[in-house]
Amino acid sequence: MPGQSAPVVVAGGKLLCGHAGQIAVVTVSTRLTVGAKGVLLLGQEKDLAFLPPTPPPPPPLTPCTHVTMDNPPKPAPCITKAATTGTLATKLTVGGIAVLLKTTTGTTTTVVPNPVLPKDSTWSVSDPGQTRLLAM
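Per the numbering used here, the sequence shown starts with residue 680, numbered consecutively.
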């Protein structure tokens, strides 16, 4: 949505993979906070695995359902790649690094051998974790 403001993603926000798996945002920058929650910067969204956290948070997050072609199938969870450049904030940065928005998207892959094809999928922000700070 070029030209429209969207909520900035903060700690506790959630990402969703193309197989309906969810992960909570944990690694953030505390140089800018919203309600005491740090913001997610470009680069911090990369290489996150859609695996269930231990211990699971209340309410529990949905794990990625991607599997291998083995018999029986084994989990082949998605791993995030970098965000798509055109979906990042252009007017708000922290130390010159773009923040991620509710509208940010990217692609995923899996490193598990023999996955059900296609190996790659997408990720998006399902919950930014706050609605107070908007950016474009």
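Ideal Cβ placement from N, Cα and C applies to all residues, glycine included.
Where the beta strand (DSSP E) through residue i begins and ends
i: residue 710; result: 708-713
i: residue 696; result: 693-696
i: residue 800; result: 800-806
i: residue 716; result: 716-718
i: residue 703; result: 701-703
i: residue 760; result: 758-762
Close-in-space but distant-in-sequence residues of the same chain around residue i (CB under 7 Å, 5 per side omitted)
i: residue 773; result: 708, 710, 711, 718, 720
i: residue 821; result: Residue 821 lies beyond the residue range present for the chain, which begins at 680 and ends at 815; the question has no answer from this structure.
Euclidean distance between Cα positions of residue i and residue j
i: residue 798; j: residue 750; result: 18 Å
i: residue 687; j: residue 794; result: 33 Å
i: residue 701; j: residue 714; result: 23 Å
i: residue 777; j: residue 768; result: 6 Å
i: residue 706; j: residue 748; result: 32 Å
i: residue 746; j: residue 698; result: 10 Å
i: residue 690; j: residue 779; result: 11 Å
i: residue 683; j: residue 733; result: 37 Å
i: residue 808; j: residue 722; result: 18 Å
i: residue 771; j: residue 716; result: 16 Å
i: residue 730; j: residue 787; result: 13 Å
i: residue 703; j: residue 762; result: 16 Å
i: residue 737; j: residue 744; result: 20 Å
i: residue 775; j: residue 764; result: 14 Å
Neighbourhood of residue i by C-beta distance below 6 Å, restricted to the same chain and skipping five residues each side
i: residue 766; result: 782, 783, 784
i: residue 806; result: 692, 693
i: residue 811; result: 713
i: residue 740; result: 701
Cβ neighbours of residue i in the same chain (closer than 8 Å, five flanking residues each side left out)
i: residue 813; result: 684, 685, 686, 687
i: residue 695; result: 701, 802, 803, 804, 805
Q: Say whether the region 743-757 touches the region 777-794, bearing in mind that this needs 3 or more beta-carbon pairs closer than 8 Å, one atom from each stretch.
A: yes
Q: Please specify which runs of the beta strand (DSSP E), each continuous and at least 3 residues long, are wholly inside the region 731-797, giving them in chain order.
A: 758-762, 784-788
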